[in-house]
Structures are given as C-alpha cells and as structure tokens.
Amino acid sequence: MVFGCPKAAEKEEPPQTTNASQTATLHRDELFEIAIDTLNRLYQFDGTDMAIQVADRLDQWIRTQKPLEDWRPDPLLETLPPELRELPEVKNLAELHFTRDDAFSLQTAVWLRDIAAWARGDGVDELSRARALFDWVVFHVQLDPLENSPQLSNGELLLRTPWQTLLLGHGSATARAWVYLLLCRQEGLDAAMLAVNVAAEGQEPRWEPWAVGVAIEGKIYVFEPSLGFPIPAEDGLQMIPGQGLEIEPATLQELAENESLLRRLDADPRNPYRVKPSMVRSVQVMLEGSAVYLSQRMEMVARMLAGGESLLLTAHPGDEAARFRGLFGVEDVSLWPLPYRALLQRQAFAAEVNRYQAMDMLPFMIQTESMMPLWRARVLHLKGDLLGEESATAYYQAARPAQRLLDSSGMNSAQEMMYIQAKLNASYWLGLISVWTGNRKAAEDLLINRTALSVPGQPWEPGVAYALGRLNEKLGDYPRAIAAYRADVHLPSRFGNLVRARWIEELTGAKPLDISRRPANGTQPAKESAEESREDQLPQKEGPGDSPSTD
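The opening residue of the sequence shown carries number 5 in our numbering; numbering runs sequentially from there.
Here it is in structure tokens:
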C-alpha cells in the first residue's frame, strides 16, 4: 500500500564485503546516484511515496546490470519448511527486479542504521552495545496486550514487519525480538532467536521461541524480550546513580548450570518463570534471514555503496550459523521461519493485512498546512533528532492541536477520533523523549496528564507505567519507580515489571510510594488548556541547577 505524498537531505555504516572482480562488472549511473541520494534523505519527505520512487529507480538501474557470477542462494534456506520455500519471494531471490515492497525494506534499513548510531551508547565492546540496543528496543517498543493484537480471519495474530513496529512503537515480544535482531546486525553482532523444547519428557520435541541470544567471544548472552531485560548473571545487578538498574547478562551456560538465575525471574510464587535450567541445556538457534536480505538485487546494491552512503542491506546466515555451531547448548541452527510466515500471511490474507496497515497509518497521514507532523516527528525520532527547531519534539508538538481547535473544527466523529489518536501518540512519544533526556516535569505531565488520563481506554498504558518507572530509576526516586512498576497487575509487561521492582527494592531497600495515576470511574478526561503548547511543556534536558523533586 502507498501512503502520503512527498514533501521536501545523509548518514553512514561499514561497507559490505565485496568481490573486486564482480563489483567491477557493476556500474553506477544517474538513476543509481539519485536513488541512493534520495534514500539517505528520506527523513525530509512525508509518507512513503519517495521511498517507492527509490525502489522504482533502483529497478530501472538493475535492469541494465549483469547478474553476479559469484551469487548463490544462502544454504540455510534449505532449513525452511517446504511450504515457505515455495513462496514467490524465495523462488525469485535471483531476480534482478525491485518491487514496491522493497521500498519499505530500504526505508527500514535507513531507520535501523540511524537508530543504531544513537542507541548503541558509548560502550565500545560488543556486550555493552548489545545491552544498549536491547534497552532501546524495550523502551521504545511497548509490549502490547494479546487481546489488542489484530487477528486475521483464520484466527492467527497479524505478524507486523519491523517497518511497522518501528513506526507504531508497539508490538509483541516477537516484534521486539525481530527489531533487536536487525539492530544487532547493524552493529556486526551475531544474534539469533533461541528456541527451547517445551514438550514433556519422552514426547516428541516441540520447540518454542524463548529469547534472543547474542554470541560474543564463544559465549551466548541471553536477552528476554517479553520480560524487557537481559537475564542477569549471578552478580549482574547494580544500581547506577543517574542511570538506574544496570544488568550484566548471563550466558546460556550459566543459566543451564545455576538454577537460581532463572528462579530470580519468578514474578511471585504463583507465577514462576516458565523456562527451567534443563530446557536451556539444548536450544535451537534460529537466525534472522528475511528473503529481501538474501536476494541478489540487494547484494548488488550493497556492493555499490561506500563511505557515508553505506547501508546494511544483506545477510549471510549460512556463515553466521558456522559461528554458532559448537557453542554451549546449541543443538541445531536454522533460519527463523517467522519472517517467511509473515510473507505467507500477506499472500493468503492480502486484503485483511492491507486494511490493518491502512488503519495503523491513518494518524500519521494527517496533514496540517504542507506537512504531516506526526509522520515527520516519528521519522526524526527514529533518526535521533530529538530536540531543537527541526526536531521530533517540534513536530510532535505540531501534531497536538489544542482541544478547543478540535471542538470548533466541524469534523465528523471518525475524523476527530483520528486527530485524537494522533495527538495521543504525539503526547506519549514526547513523554518518552522527556524520560530519555531526564526532564521529570515534562515527562510526568505528558505521560500522566496528556496520555494516561486523557482518553478512556487509551492504548499506551503499559508504556506509560514502564516509562515512569525508568524515569524515577534514572532520577534516583526508587519508591516512585517501584510504585510505577507495580501500578497495574493486568498489564502485559507485568511480570517483567514486578521482577524489576523487586530487584530495585532488594538493591536499595526502598519501599513503594502509594500513588495513583488513574481517575476514578466515570471521571471525564481533562480538557487540555490553550497553554498546553507552551515551551515549558516541551522535553528539554535539565540544567545543572535543576534537581528533580523526590517527594
């Protein structure tokens, strides 16, 4: 589907390994130059039209090129179930043709590159970067309640792509894992889904995805997307002033050999963690290798890129598999089938999938004057341009018209609901920026007053509770942090939040503050005043003299 109209310029990453003789047979022309220049400036345009133009120009370019003599389908494709190997996207990997779907893959690659540049933190070692990237994903991708997940007519839950997850800012634990795997790839980290056997002893093995494993120096470190943190090593928990809870991840071998590490993940005696040490002694490693990353067309583009225009457009899971084999607990290595099942869904239920995507996109397509403020803000947020005149903050604010303007607009109820959803999203994401930059006043106002209490049944409750917990961790207000994590035992993130709250209590001795964020039943959401757009409501870094209150 195509959304939006163009509205009118950069970035980097390490180049792909090239074969000199093969690259010499490729050539750049004006179409290629324009396509790549536009691709690196997509943040300047609203909607997806310009990304589609990029794919169209690359399609014209690649039709003039010769196939690569040294390109072969990745051998790990043979590990896919037969029905997935028959998908057109798999059968056509060698074709020199760009589709409009490739536009979304190219845009995703740009977003991932830009996110990694500001999310990886200051750590230079691989484990520090893996931790920072995972933390970014958990903070920026809210864990959705199962009952809120779109369902197809055959009963399956809709599998959203990383493009959708990044734009929407919410999804399942699997959606979190998929984005994290791609970010690890951006940083040159070997990461994979780990599946454990959940079948009873003596029965046929039944492998179920569990966590993400990152292989570093011969060890697999474990990151748990449903709980929202790496599984800690034995002495892997500490509170860092100005940052909050810091978790040193355990390795797969440590989890297999020390039962207490997994038992620390029990939310309470009635809700034990589902994975036991015996289950992690033998795992299936499933590597992300979406069809587009394994295609000859993306390999050809990647070989032509260099320097500041480089993008990670390809994957070589067969090579990665060799680096996982032989590590502790690895029984077998295969391609992760989920990206291919998402393709199968789109093939079998195209109309339903497109309808859900169109509904998701409506708030982003709202046009004010000559721009789409929510779209522009979201793309700049992913790029890491958070503060300033031409920033995510400025455009999120533009997506939040005063209530009196909505009341007097003459819109029908459906149009008004679309504006309210856009405004709600903008308020929530402004709140996340405020937490990220440590501005308590703005964060609490935006997350509590402008999001949690603004509309009955608003969809950001899990994210609000988690963000408030993280804010108070960062500011050293541990009683408030604990209270936020324990605010609602019905949230999908409750188990991870309860465990995190317990660890903070154990490490600091703090007790939860008795606070309430919810209005009483029947309370109407407060109307925002005409002053809601004042500068003091914008996220800003606190100055040296601004010490946060600790009631």
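We treat Cβ as the ideally placed atom computed from N, Cα and C, and that holds for glycine.
Local conformation of residue 146 per DSSP, three classes: strand
Boundaries (first-last residue) of the alpha helix (DSSP H) holding residue 225: Premise fails: residue 225 lies in the beta strand (DSSP E), 223–228, not in any alpha helix (DSSP H).
Residue range of the alpha helix (DSSP H) that includes residue 60: Under the DSSP assignment, residue 60 falls in the alpha helix (DSSP H) whose first and last residues are 53–66.
Limits of the unbroken beta strand (DSSP E) element including residue 194: 194–201
Nearest-angstrom Cα separation, counted from residue 345 out to residue 67: 29 Å
Residue 244 classed as buried or exposed, judged by whether at least 16 other C-beta atoms fall within 10 angstroms: exposed
Alpha-carbon to alpha-carbon, residue 511 and residue 266: Going by the C-alpha atoms only, they are around 18 Å apart.
Residue 453 in three-state terms, based on DSSP: helix
Reference residue 431; option with closest CA among 463, 417, 214: Shortest Cα-Cα distance from residue 431 to any of 463, 417, 214 involves 463.
Touch test, the region 53–71 against the region 37–45, Cβ-Cβ under 8 Å, three pairs minimum: yes
Nearest neighbour of residue 140, chosen from 112, 151, 180, 113 [CA to CA]: 180
CB of residue 259 within 8 Å of CB of residue 284, strictly: yes
Contact the region 191–204 vs the region 384–393: 3+ CB pairs below 8 Å: no
Inter-stretch contact at 8 Å, needing at least 3 Cβ pairs: the region 234–249 / the region 477–490: yes
Unbroken beta strand (DSSP E) run spanning residue 4, endpoints: Here the chain covers residues 5 to 555 and nothing more, so residue 4 does not appear.
For residue 43, the nearest candidate out of 136, 109, 101, 95 (CA to CA): Nearest C-alpha to residue 43: 109.
Beta-carbon gap between residue 293 and residue 319 smaller than 8 Å: yes
Nearest-angstrom Cα separation, counted from residue 315 out to residue 114: 7 Å
Residue 112 versus 183, 242, 231, residue with shortest Cα-Cα distance: 183
CB contact flag (residue 516, residue 487, <8 Å): yes
Through-space distance from residue 427 to residue 400, alpha-carbon basis: 8 Å
Under 8 Å between C-beta atoms of residue 257 and residue 338: no
Proximal residues to residue 527 (C-beta, below 6 Å), its chain only, five neighbours per side dropped: Low confidence applies to residue 527: its pLDDT is 37, below 50, so where it sits in the model is not reliable enough to give any reading.
Cα-Cα separation, residue 169 to residue 404: 22 Å
Beta-carbon separation (whole angstroms), residue 566 vs residue 232, contact threshold 8 Å: The chain is shown from 5 up to 555; residue 566 falls before or after that span and cannot be answered.
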